[in-house]
Amino acid sequence: MLVALFSLAIENFYHFPNCSNIMHDELSYEVKFAEITIAAGACRELSDYSFIIASESDFVVDFYKITEEDGPPKVITTKKNPFIINNPTGDSEFRFTSTIKCADSSKECKVQIFADPMSSVESSNEEESPHIKLYITSAKEGKIEFDRQNDTLLIVNFLTNNTYKIVSESNYKIYIGEGNYVTDSQLINTGEHTLTGIKNIFTLPHEDAPENFEPPFKTTITYETTKEANNKLLFPEFAGWIPQEANVFTLDDLKNEATPSSPTPTPTSSKKLSGGAIAGIVIGCVAVVGAVTGVCIWLFVCKGASKVAAAEATP
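Structure, rendered in structure tokens:
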């Protein structure tokens, strides 16, 4: 059995005359990841999908709302170095596109881009656009728990070349795939599995589910790295949900559930003062204050006594 993740056709690759579409030239329905060089001063369009972007250079993304079939898109927001573009295109409620360019127009820049064919959306039109939740992770380990209160499609994207041990529990079917279509051979049962490279996990209802099968529909996925890849990607260590809204998000806009693998800076290596340093400063201040107090007492007693003695000696 062939399962289609989506049936959306991209109607118009080019909304900007001088801005070629990455989904047409470098990425496709089958190719979901690419490292792309953007020429100096050039503009590239990213449409129809959700995109996760990483780069060692600064870049800028403009996010547009498509209001009319033939009218020019209108800029909603502009962000520097965003991590996620949630870019749904479908019915009149969800029509957006975006462009990316190098922050320094005099230089080229390289970006790594992952494209998910489904955008994270919660539609008010149940018939045309389903509820979709996207979870992305580049963390070494973690646990994802999701309770559906409606017929929401869950997709988990792994943005790493590492090998993982996956343990899944769900009353839904769980698939491990790479593209927009999967077969029964990619269906995994509840239990332990292995996943290597950039993959996605998604769930679909069981055809043999009882008619009285009601929410919540619970899914739990636990993952742990068993082998780290040599060819590391540029994506930062992140694990979390993509908000269900059309927009552009930086890392600061998102809730990161990943446990940082880098150690917390020690007090001696940070700009904050350590407890010993603070104690030393306090002791030093006490010593200085004590010395000043001693001088003041000496001046008051000695000088006062000398004045009294001088007064008594005066006839």
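Counting from 1, position 255 in the sequence shown corresponds to residue 255 in UniProt numbering; the numbering is continuous, with no gaps. Glycine included, every Cβ here is placed at the ideal spot set by N, Cα and C. Here the structure is a predicted model, which is why all the values come from computation and not from measurement.
Outcome for residue i when other beta-carbon atoms lying within 10 angstroms are tallied against a minimum of 16
i	result
residue 240	buried
residue 27	buried
residue 31	exposed
residue 133	buried
residue 87	buried
residue 399	As displayed, the chain neither begins before 1 nor continues past 315, which places residue 399 out of reach and without an answer.
residue 236	exposed
residue 281	Residue placement at residue 281 is poorly supported in this model, since its pLDDT is 37, which falls under 50; the coordinates are not used for a value here.
residue 72	exposed
residue 82	buried
residue 25	exposed
residue 121	buried
residue 18	exposed
Limits of the unbroken beta strand (DSSP E) element including residue i
i	result
residue 147	141–148
residue 198	No beta strand (DSSP E) contains residue 198, which DSSP labels as neither H nor E.
residue 116	109–116
residue 154	153–158
residue 247	247–249
residue 100	96–102
residue 240	239–241
residue 135	132–137
residue 119	Segment: none, residue 119 is in no beta strand (DSSP E) and carries neither H nor E.
residue 34	33–38
residue 217	217–227
residue 106	Taken as a continuous stretch (DSSP letters only), residue 106 belongs to no beta strand (DSSP E), as it is neither H nor E.
residue 170	163–170
residue 177	173–177
Residue i versus residue j - alpha carbon distance
i	j	result
residue 166	residue 224	7 Å
residue 98	residue 147	32 Å
residue 158	residue 188	16 Å
residue 119	residue 249	13 Å
residue 60	residue 191	42 Å
residue 48	residue 245	14 Å
residue 34	residue 234	12 Å
residue 43	residue 171	45 Å
residue 65	residue 228	40 Å
residue 331	residue 168	Nothing can be reported for residue 331, as the shown portion of the chain is limited to 1 through 315.
residue 116	residue 96	15 Å
residue 238	residue 106	31 Å
residue 140	residue 255	17 Å
residue 219	residue 131	16 Å
residue 62	residue 138	25 Å
Opening and closing residue of the alpha helix (DSSP H) in which residue i lies
i	result
residue 22	22–25
Whole runs of the beta strand (DSSP E) within the region 46–84, excluding any shorter than 3 residues: Those beta strand (DSSP E) runs which fall completely within the region 46–84 and span 3+ residues are 50–55, 59–65 and 74–80.
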